[in-house]
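Trainee: The structure's right below; bear with me while I get my questions together.
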Amino acid sequence: MKKYWIIGGIVVVLAAVWLMTRNRGSQYQFVTATRGSITQTVSVAGNTTPVESLDLAFPIGGTIAAVYRNAGDRVGAGTVIAALDTGSLDAQLAQAKASVQAEEAKLQGLQAGPTPQAVQVSQAAVAAAQQALVNAYAGIDDTATGAFAKANDAVRNQIAPFFSGPESNNPQLTFTVSDSQVFNNANFERIQASTELNSWQSELDLLTSASPTSTLAQALTNAAAHLAVVENLLTTVSTAVIDETNLSLSTTATYKTDIANAVTEVNEAASAVNGDQQSIASDIVAVQQAQAQLAVTLAGSTAQDIAAQQAAVAQAQANVQQIQVEISQASLVSPIDGVITTQNAKTGEVAAAGQIMTSIISNNNLEIDADVPETDIGKLAVGDPVNITFDAFPGETFTGKVFYINPGETIISGVVDYQVKVSLDKSDPRIKSGLTANLTIVAKTDQNVVILPQYAVIQNASGSTVEVIQNGQPVQIPVTLGIMDQNGNVEITSGVDAGRQ
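This is the structure we're talking about:
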């Protein structure tokens, strides 16, 4: 009988062990890595506020060439409101692009090695560039002489009736002006103009097309300086005619026509001088580039030469990109759909970098301002879509977009936040100022990625891992995490494939 009790006890123990083992196996819970899309959002609360003006300024300074929109005009996002004169930048860009081509040509020559044909081409390029430069210098005498003739006619013919004793030491305007300072300036600048023209004539008397290139180049520089003095006189005289107090209407009209003719002549002269200066500068660069290319062709190339030239190409390309950026900054562009409330930009005026030119308010009557913690601000960008709910309208969802992120921080209760502004896609007369708005900003969506619930990921100081069963034992596998959504899911960018449990 005792034997049977012992046997029974053994059976009970074995059964208990089996049950414990079985129960232990059932402690593991599995989740399958799936493939799909995941959206990272940032949720914050904000309030509706009246629309504030956006003040726009040119990032770079320059002369305003055109104003396309005026106060009261409606504009769309991306509309160019005003633009700076990019003539100088365009010339720099053309020269920079030419430099890229030249550097690339040098690189190709280095890589190919010198050949008789390449040497002949390089020599011909040098000769052509030198001849172009010679031709450019040869035309300076005519350009300077023609510019003088126009300036001389403008001062001594077109506006001659404006002064008594114009070539004396004390010329006087023949009419009175409300501003005595303008009157005195005009008389003084008329003396300067005569002095300048006489000096210019003396310089031209010594100038010929066979003069040294340095003399010819200086003649262009001098011509530009002489023209500046004449331009200054014409500006002052123009002001004087506007402010005159004793001329008849017909005489005033005649004087204005004379000034317009004089300004046209001087502008044409200045354009011709500037054109020659740019042409010579470009031709000098072309000669230098052609000579450098010939030297490279004749010298052959080493690995170090090729590497250095590759760097030169990259530098020239970077210069092109930099100038292109500056050209893009020469346009004042509206970032939103809205209405221009202030337009201070005026054609011909000089705008300083950062000087506020235009103010715009959004087409929507209200915007939503919210403070985003520094831990989330890096996820957001202007243009991100936003789902919006208001406590005042339960069950309704509105949509909008992030249109502004303040680059400066705001400290709230010791926490660093950044203000974000959201515009509503559609206005709704029910929405009032001061309403509490709950924002879900869609920061990023990744498609066709591996996804796991966040609770399946173990995170500690060593990194992120997940547990899998290998050979009946739990093993931790390192994983790399991507974005997370608000549903408790996380993107796995490496470490686990879809379908893995």
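According to the numbering used here, the residues represented by the sequence shown are 96 to 596, in order. Even glycine gets a Cβ: it sits at the ideal position worked out from N, Cα and C. As the structure is a prediction and not an experimental result, all values here were calculated from the model.
1) Go through the stretch 154-220 residue by residue and report every complete run of the beta strand (DSSP E) that reaches 3 residues or more, in order.
2) Within its chain, find whatever has a CB closer than 6 Å to the CB of residue 217; leave out the 5 residues flanking it on each side and keep chain order.
3) Note the first and the last residue of the continuous beta strand (DSSP E) segment covering residue 368.
4) With 16 other CB atoms within 10 Å as the buried threshold, where does residue 221 fall?
5) Does residue 491 come out as helix, strand or coil in the three-state DSSP assignment?
6) Touch check for the stretch 573-588 and the stretch 545-565: three-plus C-beta pairs under 8 Å?
7) If you pair each beta-carbon of the stretch 350-357 with each one of the stretch 302-319, do three or more pairs fall below 8 Å?
8) Can you give me the start and stop residues for the beta strand (DSSP E) that residue 433 sits inside?
9) Is residue 546 near residue 133, with beta carbons less than 8 Å apart?
10) Do residue 577 and residue 544 have their C-beta atoms closer together than 8 Å?
11) Does the stretch 424-438 come close enough to the stretch 163-180 to have 3 or more Cβ pairs within less than 8 Å?
12) Report all residues from its chain with a CB closer than 6 Å to the CB of residue 117; omit the five preceding and five following residues, and keep chain order.
13) Provide the residue(s) that pair with residue 539 in DSSP beta bridges, ordered along the chain.
14) Here's a check: name, in chain order, each residue in its chain whose Cβ is nearer than 6 Å to the Cβ of residue 485, leaving out the five neighbours to either side.
15) Quick check: what's the CA-CA separation for residue 260 versus residue 314?
16) Taking only the alpha-carbon atoms, compute the straight-line gap between residue 122 and residue 595 and give it to the nearest angstrom.
17) Among the residues of its own chain, which have a CB less than 7 Å from the CB of residue 234, if the five just before and after it don't count?
18) What's the gap between the Cα of residue 127 and the Cα of residue 581?
19) Here's the rule: buried if 16 or more other CB atoms are within 10 angstroms of the residue's CB, otherwise exposed. What is residue 404?
20) Helix, strand or coil: which one does DSSP assign to residue 499?
21) Taking 8 Å as the threshold, find out whether the stretch 315-323 comes into contact with the stretch 282-302 through three or more Cβ pairs.
22) Cα separation between residue 256 and residue 187?
23) Decide yes or no for the touch test of the stretch 400-415 against the stretch 196-204: beta carbon pairs closer than 8 Å, at least 3 of them.
24) Any chance the stretch 344-354 sits against the stretch 224-239, with 3 or more Cβ pairs inside 8 Å?
25) Count the C-beta pairs between the stretch 451-471 and the stretch 565-572 that are closer than 8 Å, then say yes if the count reaches three, no if not.
26) Under 8 Å by Cβ, that's how I've got residue 500 and residue 475 pegged, so tell me the actual separation to the nearest angstrom.
27) Between the alpha carbons of residue 120 and residue 567, how many angstroms are there, rounded?
28) Could you work out which residue in 563, 345 and 548 is closest to residue 130 when comparing CA atoms only?
29) Quick check on DSSP: helix, strand or coil for residue 516?
30) Would residue 455 be called buried (16 or more neighbouring beta carbons within 10 Å of its own) or exposed?
31) Less than 8 Å separating the beta-carbons of residue 302 and residue 232?
32) Can you give me the C-alpha to C-alpha distance between residue 269 and residue 164, rounded to a whole angstrom?
33) Less than 6 Å between C-beta atoms, sequence neighbours within five positions excluded: which residues of the same chain meet that for residue 262?
Mentor: Taking the structure as given:
1) Within the stretch 154-220, the runs of beta strand (DSSP E) at least 3 residues long that lie entirely inside it are, in chain order, 157-162 and 175-179.
2) As a first step, residue 217 is located in the sequence shown; it is residue number 122 there, counting from the start. 388, 389 and 392.
3) On the sequence shown, residue 368 is found 273 positions in, with the first residue counted as 1. That residue, residue 368, is in no beta strand (DSSP E); its alpha helix (DSSP H) goes 344-394.
4) Numbered from its first residue, the sequence shown carries residue 221 at position 126. It is buried - the Cβ of residue 221 has at least 16 other Cβ atoms within 10 Å.
5) Within the sequence shown, residue 491 is the residue found at index 396, counting from 1. Correct three-state label for residue 491: coil.
6) yes
7) No, the stretch 350-357 is not in contact with the stretch 302-319.
8) Position 338 of the sequence shown, counted from the start, is the residue given in the question as residue 433. Note, residue 433: beta strand (DSSP E), 433-438.
9) Indexing the sequence shown from 1 puts residue 546 at position 451. Indexing the sequence shown from 1 puts residue 133 at position 38. Going by C-beta atoms, residue 546 is nearer than 8 Å to residue 133.
10) If you number the sequence shown from 1, residue 577 lands on position 482. If you number the sequence shown from 1, residue 544 lands on position 449. Cβ atoms of residue 577 and residue 544: closer than 8 Å.
11) yes
12) Here residue 117 refers to the residue found at position 22 of the sequence shown. Low local confidence applies: a pLDDT of 46 at residue 117 is under 50, so the model's placement there is unreliable, and no value is given.
13) Taking the first residue of the sequence shown as position 1, residue 539 is located at position 444. Its beta-bridge partners are 135.
14) As a first step, residue 485 must be located in the sequence shown, where it is residue number 390. Excluding residues within five positions, the ones whose Cβ falls inside 6 Å are 530 and 532.
15) Mapped onto the sequence shown, residue 260 falls at position 165. Mapped onto the sequence shown, residue 314 falls at position 219. Cα to Cα, residue 260 sits roughly 30 Å from residue 314.
16) Residue numbering aside, residue 122 sits at position 27 when the sequence shown is read from its first letter. Residue numbering aside, residue 595 sits at position 500 when the sequence shown is read from its first letter. For residue 122 and residue 595, the distance between alpha carbons rounds to 19 Å.
17) To locate residue 234, count along the sequence shown from 1; it is residue 139. Within the same chain, residue 234 has close Cβ partners 371.
18) As a first step, residue 127 is located in the sequence shown; it is residue number 32 there, counting from the start. As a first step, residue 581 is located in the sequence shown; it is residue number 486 there, counting from the start. If you take the alpha carbons of residue 127 and residue 581, they lie about 19 Å apart.
19) Reading the sequence shown from its first residue, position 309 is the one you call residue 404. Buried.
20) The residue given as residue 499 occupies position 404 in the sequence shown. Strand at residue 499.
21) yes
22) In the sequence shown, the residue the question calls residue 256 occupies position 161. In the sequence shown, the residue the question calls residue 187 occupies position 92. About 43 Å.
23) yes
24) no
25) Because the criterion of three Cβ pairs below 8 Å is not met, the stretch 451-471 and the stretch 565-572 do not touch.
26) On the sequence shown, position 405 is the one that residue 500 refers to. On the sequence shown, position 380 is the one that residue 475 refers to. That pair is a contact at about 6 Å.
27) By 1-based counting over the sequence shown, the position of residue 120 is 25. By 1-based counting over the sequence shown, the position of residue 567 is 472. Its pLDDT being 48, under 50, residue 120 is placed unreliably in this model, and the coordinates cannot settle the point.
28) As a working mapping, residue 130 is identified with position 35 in the sequence shown. Looking at the Cα atoms, 548 is the closest of the given residues.
29) Numbered from 1 along the sequence shown, position 421 holds the residue referred to as residue 516. Three-state DSSP puts residue 516 in a strand.
30) To locate residue 455, count along the sequence shown from 1; it is residue 360. So residue 455 ends up on the buried side.
31) In the sequence shown, the residue the question calls residue 302 occupies position 207. In the sequence shown, the residue the question calls residue 232 occupies position 137. Result no, Cβ atoms of residue 302 and residue 232 do not sit closer than 8 Å.
32) Counted from its first residue, the sequence shown places residue 269 at position 174. Counted from its first residue, the sequence shown places residue 164 at position 69. Per the coordinates, the alpha-carbon of residue 269 lies some 41 Å from the alpha-carbon of residue 164.
33) For the purposes of this step, residue 262 is identified with residue 167 of the sequence shown, where counting begins at 1. Here the set comprises 289.
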